[in-house]
Structure formats: C-alpha cells, structure tokens
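Engineer: This is the structure I have questions about; it appears just below.
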Amino acid sequence: MSTKRITHWNIALVAAVLTSGMGVFLGESTLLLLAIPAVVFTVYSHVTPAPTPTLAIERSLSENNPSHNQEVEVTVTLQNTGSRTLPAITVLDGVPRMLSLKSGTARHAAALEPGGETMFSYTVLAKHGIHHFEPVSVALEDTSGSVRVETTIVADTELACRSPIRATSLNQTAQQHAGSSISTNGASGTEFSKIRSYQPGDPPNRVDWNRYARDRELTTVDFHEERSQSTVICLDARGICYQSSEREEPHAVWYERAAARELLATFSDINELIGISVLGTSGWVAPNRGTQHIATIGQALEDPAILPLEPPPTNSLEETADSQVQTFRTRLDRGMGVFFLSPLLDELPVETVRTLQADGHSVTVLSPDVTASGTLGAKISRLQRANRIATLRRADISVVDWGPEKPLETVVKEGFQK
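With the working numbering, letter number 19 in the sequence shown gets 58, and the count goes up by one each step, no holes.
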C-alpha cells in the first residue's frame, strides 16, 4: 500500500500569500478576506488523515466453466466495512491477460458510507485454459482530494475453460503413437492373447483344443503382455510461438499450455507415465505417475521460469534452440513416445519431429492454429503452415490441427482419422 499527498492545494497557498501580501501593502482588507479560504483548505489538506482502505471485495461469474468464446459476465461487489465514509473510491479489476473485454469496463468509481455497497459488471470472452483473476487495484482519496492511498485487494477467482479429451479418444494415441506397446519379453503388464494358425513345434498347452473340438481346426493361443511406457509432452515456447491470430486473442504458447493440461489429465486417468519438456527454456520433468507427480507437472506449467507466458527478449534464447533439441533427445529413453505441441510457424519443429521419429520415437504433433487470414503475408504464413502439416503426415506422423474454435476432443478424433 502506498500513500501520497497531492500538492495542488499548495498552489492555492502561494496565491493566498501573494493576495494577503498585496492586501497589507495596499491596505485592502478585502484582499485579506479573499486569502482566508485558500489558507483554510491548504491547512485542511495537510492535517486530514489518509483514508483507510476498509473495503471487502467479492467477484462472481455468470459461468465458472464456460466453453471457448462463450460470453461470461463478471460482477464485482465492493462494501465499506469500516466506520468512516470513503468519499472517493476508484477500482480497476484484475482481468486475466488472456481474456478480452466484450462489453462494459473493468473500472469503477464510487463513494461509500459505512456499510455501503456498490457493484459493477462487465463481460469477457472465455478462451481455452484456466484463467486466474489478478488482485483488484484500489485508489482512495480524502474529501479534499489531497491524500491518495493506492493498494491491491485479493479476490481469488478462477475461470476454467476446459476442453477435456476422453481417455477412449486418446487410447489410439496412447497405444500406437505415444504410450504403451506390445511386448513378448516377459515385462510386467496386462496379459492378453490372440489366435493364430498352429505351427509345428507349438507347445500342446497353447493349442486351442476347444476350437479344435468344435471346428476341427488347429490353432494356437499366443499370449502377449502390454507394457506401459513413457510419454513426454513437449511444448514449443520459443519466441516465434508467441503469435496470436488477432490482437486480443491468446498466443500459441497459451493454447499449448491449455492442451498440455488436458493431455496431462487424460494420461493421468489411464495411469500412464507422463513427463514434460519445454523448448525455449529447457524445462524438464521426467516421466512418472501418481498424484504428487501430476501436481508437480501442473506447477511446472504455471511456473513462468519454465513456461513463460510473455515472449522472451529478442535473441535471448533463439540461438540455443538447436542445442535444446539435442538435450531433449538425450533425455528421451528408448521407446519413449512424444506429444509435440507447436504452432508450426517455422521449420525447426518439423525437423525436430522427423529427427525424433528417426531416433525410434513415436511422435504425435498437436498444433494450435494461430495464423491469420486478412493480409497477403498472413495468407502466406497459413499456406506455409499447411505445407508443414502435409510434410509431417506424408512422413507417417500424426498431426492434430487444432483451430481453437473447436473442442480438443473433436480435433483429436479428426486428426487420427487423417
């Protein structure tokens, strides 16, 4: 909290001194009388105590779990819980930076008597991800306007625009692209079987005698085991990725974080080993499972040192991208699957994914589309991105092309069908 005295009454004091001096010099009592109000107000402004921020603030949402681009009304209520009148209150609500105002204003001014309340509302457009409101900025002034107190008041509010991916929809990915594999080497796992034609030398206890009795056909039951492997979610957070389709829209890294949350929840539901890596900061959490591990990854996704939501300074990290890719490759054990999240705005992610594939890793790309379409340059960028997606698909790499206006569940299904 900061308190400062505003000196505009000091000008009045100077004028009063000059006026009274002229009155004495000229012998005009009228001039002396004119100087009295200015002196009184100036003295008052210096002896008045600073107003105390005795405000209670509540914030409510018309919808706590909206869908993407749904309008959400935010209502803020202020109450003076003190015993003194607050004559001049100005507040600015802490709107999450990835939400844009649809209507109304997050700024409000009022005067409140003891116990008095006031409220104001505005509307935001929900976007994918979990949005935390910032503290409310409050400024109080006394009656004379000479003392100003500035502070912030916390009113915890979360707007969660989720786009969950069902485990059944991701099962194909988990088994074929980035998770479990079939092994016959005796590793622990869930045993299952398949039927094949009998071959000379098959053990008698593997012959399906029931089928032979029914169909007179010799077949063998071949037992396999499903071995759970590891998946790493890699987020592309280089400077180029902090691009948005429009000025007030979230950038690609924000959408990557939203998608990573949903993937994390899904892999947790199916009890897969899961880890994360961040290209741009070298952030890394090795694959594991369990409630505590999932919480650790969730905290990492919120940590600006690991996944910043503001673009890095120019040339701060870009020159190390190749070395970060190499470090990432050395961290991956043989057979690990990768979910690579990137807007595909340049060639580096394409080269990285193809290198990972050549290293023997199953890779799935989830790409938020943040390209625009208005200008010629934007159209060229959109075409280049489409060509990169086509290149990856021709290399037998699954690509989920995510236009944020669609739920993740829908585009995941569409992506694997392609």
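Beta carbons are placed, not taken as given, at the ideal position from N, Cα and C, and that holds for glycine.
Measuring straight from C-alpha to C-alpha, what distance separates glutamate 197 and glutamate 102?
Structural biologist: In a straight line, the C-alpha of glutamate 197 is about 11 Å away from that of glutamate 102.
Engineer: Look at the Cβ atom of leucine 348, then the Cβ atom of valine 292, and state whether they are nearer than 8 Å.
Structural biologist: Result yes, Cβ atoms of leucine 348 and valine 292 sit closer than 8 Å.
Engineer: What residues match up with glutamate 173 in a beta bridge as DSSP calls it?
Structural biologist: According to DSSP, glutamate 173 bridges with Gly133.
Engineer: Can you tell me whether valine 377 is buried or exposed? The criterion is at least 16 other CB atoms within 10 Å of its CB, across all chains shown.
Structural biologist: So valine 377 ends up on the buried side.
Engineer: Specify whether the segment 275-288 and the segment 170-190 touch according to this definition: at least 3 beta carbon pairs, one from each stretch, less than 8 Å apart.
Structural biologist: In short, these stretches do not touch, since the Cβ pair count stays below three.
Engineer: Have a look at the DSSP bridge pairing and note the partners of asparagine 108.
Structural biologist: DSSP lists no partner for asparagine 108.
Engineer: Using a threshold of 8 Å, state whether the C-beta atoms of threonine 116 and glutamate 97 are closer than that.
Structural biologist: Yes, the Cβ-Cβ distance between threonine 116 and glutamate 97 is below 8 Å.
Engineer: Reducing DSSP to helix, strand and coil, say where histidine 290 ends up.
Structural biologist: Of the three classes helix, strand and coil, the one that applies to histidine 290 here is coil, per DSSP.
Engineer: In whole angstroms, what separates the C-alpha of arginine 458 from that of histidine 290?
Structural biologist: Look at the range of the chain in this structure, 40 to 457, and you will see that residue 458 is not part of it.
Engineer: State the Cα-Cα distance for the pair isoleucine 192 and arginine 370, rounded to the nearest angstrom.
Structural biologist: Rounded to the nearest angstrom, the two C-alpha atoms are 43 Å apart.
Engineer: Taking the alpha carbon of proline 352 as the reference point, which residue from Val450, Val364 and Gly319 has its own alpha carbon closest?
Structural biologist: Residue Gly319 is the option with its Cα nearest to proline 352.
Engineer: Relative to the C-alpha of proline 126, which candidate in Ala178, Pro105 and Ala95 has its C-alpha closest?
Structural biologist: Of the candidates Ala178, Pro105 and Ala95, the one whose C-alpha sits nearest the C-alpha of proline 126 is Ala178.
Engineer: Relative to the C-alpha of glutamine 118, which residue among Thr157, Pro239 and Leu431 is closest?
Structural biologist: Minimum Cα distance to glutamine 118 is reached at Thr157.
Engineer: Going by alpha carbons, who is nearest to valine 163 out of Arg433, Ile315, Pro105 and Arg393?
Structural biologist: Ranking the options by Cα distance to valine 163, first place goes to Pro105.
Engineer: Quick one: complete alpha helix (DSSP H) runs, 4+ long, within the segment 286-356?
Structural biologist: You should have 291-308 and 330-341.
Engineer: Is it buried or exposed, proline 407, if we count other Cβ atoms within 10 angstroms and call 16 or more buried?
Structural biologist: Looking at its Cβ environment, which holds 16 or more other Cβ atoms inside 10 Å, proline 407 is buried.
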